[in-house]
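Structure below.
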């Protein structure tokens, strides 16, 4: 995501997509979720010509207890679009939405770059109820990366299999390093899948929360 934010044209285009969504649903303020959602929300607010705010991450190290949870434009009694880099099970969206609601805002939608709910077991009720627009799903990211030569096809196939069939943590296939056009991959397959380390049911299913 950092590389996307480093490209001004790409960040502008992402903001334009979010800006259209904001106007379509009647947003009054664009609020970025700390930290990755802040630069994207700023781009969205510029595109939509709407006020900008950001929501502090609850319990984030270095924050003072008495610091306000929302900075920037006033959000009380206003319709707010919450912006973040990704959504998965929706627990982060739920926490940020609660912080906004706590100061009187009405969160009416969510905009993200990657929607990972296509590989998630369950989505929180609050996140499931909010209209959400995304540039891509998680599986689409894998497909595009493979099509553009950024992800080895063998790694793509194994990653999708791992997600859909929820490999156990001790599955030996996690240690596979497919060979790419530039030599062996430097990132283990384990790092390519978002649910590693999360509690998972024994039966096969789809992946847990990442955002």
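Residue numbers (my numbering): 13 to 223. Glycine included, C-beta positions come from ideal geometry on N, C-alpha and C. The model shown is predicted, which means the values in this text are computed figures rather than measured ones.
Subject >> Sequence ranges, beta strand (DSSP E) only - wholly within the segment 24-55, length at least 3 >> reply: 41-45
Original post:
Would you say residue 125 and residue 22 are within 8 Å of each other, going by their C-beta atoms?
Top reply: Within the chain shown, numbered from 1, the residue matching residue 125 stands at position 113. Within the chain shown, numbered from 1, the residue matching residue 22 stands at position 10. Not a contact, by the Cβ cut-off of 8 Å.
Original post:
Is residue 164 buried or exposed, if buried means 16 or more other CB atoms sit within 10 Å of its CB?
Top reply: In the chain shown, the residue the question calls residue 164 occupies position 152. Its Cβ being crowded by 16 or more others within 10 Å, residue 164 is buried.
**OP:** Assign residue 46 to one of two classes, buried (16 or more other C-beta atoms within 10 Å of its C-beta) or exposed (fewer than that).
**Re:** To locate residue 46, count along the chain shown from 1; it is residue 34. When all chains shown are included, residue 46 counts as buried.
**OP:** Report all residues from its chain with a CB closer than 7 Å to the CB of residue 70; omit the five preceding and five following residues, and keep chain order.
**Re:** The residue labelled residue 70 in the question sits at position 58 within the chain shown. Once the five neighbours on either side are set aside, the close Cβ partners of residue 70 are 107 and 111.
Original post:
What's the call for residue 15, buried or exposed, on a 16-neighbour Cβ count within 10 Å?
Top reply: Along the chain shown, one-based indexing puts residue 15 at 3. Exposed is the call here.
Subject >> Assumed close pair residue 131, residue 150 - CB separation to whole angstroms, cut-off 8 Å >> reply: Within the chain shown, the letter at position 119 stands for residue 131. Within the chain shown, the letter at position 138 stands for residue 150. With 8 Å as the limit, residue 131 and residue 150 qualify as a contact, their Cβ atoms being about 5 Å apart.
**OP:** Could you pull out every unbroken alpha helix (DSSP H) segment of at least 4 residues lying fully inside the segment 117-156, listed in chain order?
**Re:** 137-141
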